[in-house]
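J.: Quick one: this structure, given as structure tokens, is what I'll be asking you about.
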């Protein structure tokens with residue numbers, strides 16, 4: 009995995025092939041792999057900054073980042089994924105580092121609230137996120153609200 013390119017773009021900066029590749033990765037992971045039919049196209053992509061790693065046009069890792077007041081009062085990120093062929097290569101860690109840096113640089117805050125799938129709580133705590141104790145099912149998958157001050 010040598011030709012990995014990281015991209016950070018707003019919705020209007022996407023090329024059509026990039027958008028297609030990102031949506032395909034999200035559906036492959038969240039709908040097909042996690043067997044969860046949910047409305048992935050939720051009209052928030054237009055308000056997000058999108059961060060992803062690709063190689064030969066294939067998305068390897070992805071998330072989207074939001075300024076304050078869009079998803080929460082705080083900044084946030086979501087739709088965090090690593091595609092099957094890219095797992096075990098620490099791309100997820102790089103992705104979260106880029107997400108946090110992008111929030112700090114673009115939105116000038118380090119306070120971030122996320123909705124984390126429960127099996128990733130330890131992963132996110134490594135980046136300074138703390139469990140708020142608010143737990144809920146989102147699309148039948150256990151989630152916990154986490155915050156980073």
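In the numbering used here, the protein residues as written are 9 to 157. For each residue, glycine too, the CB sits at the ideal point set by N, CA and C. Quick caveat: nothing in here was measured; it's all calculated off a predicted structure.
#1: Please work out which residues of its chain come closer than 6 Å, Cβ to Cβ, to residue 19, disregarding the five sequence neighbours upstream and downstream, and give them in chain order.
#2: Provide the residue span of the alpha helix (DSSP H) that contains residue 26, from first to last.
#3: With three or more beta-carbon pairs closer than 8 Å as the criterion, would you say the region 140-149 touches the region 95-110?
#4: Using the Cβ count rule (16 or more neighbours within 10 Å means buried), how would you classify residue 58?
#5: Just tell me which of 63, 23, 37, 118 has its CA closest to the CA of residue 73.
#6: Are the beta-carbon atoms of residue 111 and residue 154 separated by less than 8 Å?
#7: With DSSP collapsed to three states, give me the class of residue 9.
#8: Relative to the C-alpha of residue 64, which candidate in 146, 11, 129, 136 has its C-alpha closest?
#9: So the alpha helix (DSSP H) residue 102 belongs to, where does it begin and stop?
#10: Please go through the same chain and pick out, in chain order, the residues whose beta-carbon is closer than 8 Å to the beta-carbon of residue 106, but skip the five residues on each side of it.
#11: Whole angstroms is fine: what's the gap from residue 44's alpha carbon to residue 76's?
#12: Could you have a look at residue 49 and say whether DSSP puts it in helix, strand or coil?
T.: Put simply:
#1: The residues 53, 54, in chain order, have a CB closer than 6 Å to that of residue 19 in the same chain once the five nearest residues on each side in sequence are set aside.
#2: Residue 26 -> alpha helix (DSSP H) spans 24-34.
#3: By the Cβ criterion, the region 140-149 is not in contact with the region 95-110, since fewer than three pairs of Cβ atoms, one from each stretch, lie closer than 8 Å.
#4: A buried status is given to residue 58, since no fewer than 16 other beta-carbon atoms sit within 10 Å of its beta-carbon.
#5: Residue 73 has its Cα closest to that of 118, out of 63, 23, 37, 118.
#6: No, the pair does not count as a contact, with Cβ atoms beyond the cut-off.
#7: Reliability of the predicted coordinates at residue 9 is poor, the pLDDT of 49 falling under 50, and the value obtained from them is presented with this limitation in mind. Coil.
#8: Ranking the options by Cα distance to residue 64, first place goes to 11.
#9: 99-115 is the span of the alpha helix (DSSP H), which, as asked, contains residue 102.
#10: Closer than 8 Å at Cβ, skipping near neighbours: 14, 16, 59.
#11: So the alpha carbons of these two residues sit roughly 28 Å apart.
#12: Three-state result, residue 49: coil.
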